[in-house]
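Count along the sequence shown starting at 1, add 11, and that's the number in the numbering used here. Note that beta-carbon positions come from the ideal geometry of N, C-alpha and C, so glycine has one too.
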Amino acid sequence: MSEQTNDSILVRWTKDHPGFLLALSGILLSSLGLYHQFLLLDEFDLNLSDYADIDDFLIGAINLFYARRFAELQQLTLLIGATLAYTVAVIVYLIVRRVMNVRAANSSNQVRRFLSTVWTNVVVPLFLINVILSFFIVSELAAAQANAVREESVCRVEVVLRNPADRIGSLQGSKVYLIDGLNSAYFLYEVLTNRLGSRISENVHVVPVANVISIRVIGQSRSCSISS
12 MSEQTNDSIL VRWTKDHPGF LLALSGILLS SLGLYHQFLL LDEFDLNLSD YADIDDFLIG
72 AINLFYARRF AELQQLTLLI GATLAYTVAV IVYLIVRRVM NVRAANSSNQ VRRFLSTVWT
132 NVVVPLFLIN VILSFFIVSE LAAAQANAVR EESVCRVEVV LRNPADRIGS LQGSKVYLID
192 GLNSAYFLYE VLTNRLGSRI SENVHVVPVA NVISIRVIGQ SRSCSISS
């Protein structure tokens, strides 16, 4: 049986189009960002599909970058290591394959079989491991970010609205925190406390972007950032 028939159709196709996995990595990164936002909003009983549009998918990776501060160092190190290993493997394969095409007459079948083995047993598995690991870490990241909001360990914000009838953060003892922001709306977490500092109530607000004049961070720290 020939070498090609031993490979699956997908492996053979990616072997002939190695740049496809690199392009797929970009799509994966945006998908991870949107997946993170889906899980984060789901923690507060909000449905991402009710508010997201195509632009939110395109900038999903940027929002994921802002959320990285909630990840554990070990998680980031593991993810970065897997990504670098996969990227280096693809680049090395492309370079060697290019050299082989230039010197096709001198390329032995043994070298070709070696490259095929590297692609099938190293590059593709590294890509799949990277995908699985990424989704797992993003799940942990969303849960950690949601807990940080509930525990008030993120920066407070002050929201100025065009329609002040919503009265977000206007009551005495009210503290407002930003959960997330999409092109269509901001998601705010409001905690109302009494004079002793004990919580009275907690509310989640969905505010259309058109109704927001400004969002100002109260206080400064490494965990403070507003993305819009």
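Approximately 17 Å separates the beta-carbon atoms of Asp-67 and Leu-152; this is outside 8 Å, ruling out the contact. For the set Ser-42, Ile-190 and Leu-207, the Cα lying nearest the Cα of Asp-56 is the one of Ile-190. Around the C-beta of Val-220, fewer than 16 other C-beta atoms lie within 10 Å, and the residue is accordingly described as exposed. Between the region 167-174 and the region 213-227 there are three or more C-beta pairs closer than 8 Å, enough to call the two in contact.
Beyond the five residues adjoining it in sequence on each side, Ile-102 comes within less than 6 Å, by CB distance, of no other residue in the same chain. Of the residues assessed, Ile-179 falls on the buried side of the cut-off, its CB having 16 or more other CB atoms within 10 angstroms. By the criterion of a C-beta distance shorter than 7 Å, Ser-150 is surrounded in its chain by Leu-50, once the five residues flanking it on both sides are discounted.
By the criterion of at least three beta-carbon pairs nearer than 8 Å, the region 59-79 is in contact with the region 38-46. Residue Ala-100 holds the alpha-carbon nearest to the alpha-carbon of Asn-132 among Ala-100, Asn-158 and Ile-143.
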